[in-house]
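Peer 1:
In the working numbering, the protein residues as written are 5 to 111.
#1: DSSP state of residue 109, grouped into three classes?
#2: Could you give the distance in angstroms between the alpha-carbon of residue 26 and the alpha-carbon of residue 80?
#3: What separation, rounded to the nearest whole angstrom, lies between the Cα atoms of residue 46 and residue 91?
#4: Just the Cα atoms here: how many angstroms apart are residue 65 and residue 58?
#5: Do residue 95 and residue 61 have their CB atoms nearer than 7 Å?
#6: Taking a contact to mean a Cβ-Cβ separation below 7 Å, would you say residue 71 touches residue 52 in this structure?
#7: If I'm right that residue 37 touches residue 93 with Cβ under 8 Å, what's the distance once you round it to whole angstroms?
#8: To the nearest angstrom, report how far apart residue 22 and residue 107 are at their CA atoms.
#9: Work out the CA separation of residue 42 and residue 76 for me, nearest whole Å.
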């Protein structure tokens, strides 16, 4: 995922002919959505369980990558970044929940 992310970030401004400001705003959408929806993701993970929810972010990341790869357009780039943001908002709480429940408190 990180290799694809690096390629997308460097190629997309030239491919989509975006001005730097617009590219920066779209690029920052993922962390903003991840921060905004992480509490909701944490609540869902507490109710459903981290094992069941661990598959969801990887599916969302794959869908986000496919959205960008299918068509080179501004709309697909925005959808891809939003899906990646939702994936991050679930992945981080699920990962931290998994670490907390699988390791001793003494470590």
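Note that CB positions come from ideal geometry on N, CA and C, so glycine has one too. Here the structure is a predicted model, which means the values were calculated and not measured.
Peer 2: On the basis of the data shown:
#1: Three-state result, residue 109: coil.
#2: Each residue's alpha carbon lies about 14 Å from the other.
#3: Linking residue 46 to residue 91 through their CA atoms gives a straight-line distance of about 12 Å.
#4: Rounded to whole angstroms, residue 65 to residue 58 spans 12 Å at the Cα level.
#5: The answer is yes: Cβ separation under 7 Å.
#6: Residue 71 is not a Cβ neighbour of residue 52, given a cutoff of 7 Å.
#7: Yes, residue 37 and residue 93 are in contact; Cβ-Cβ is about 7 Å, under 8 Å.
#8: Each residue's alpha carbon lies about 46 Å from the other.
#9: So the alpha carbons of these two residues sit roughly 29 Å apart.
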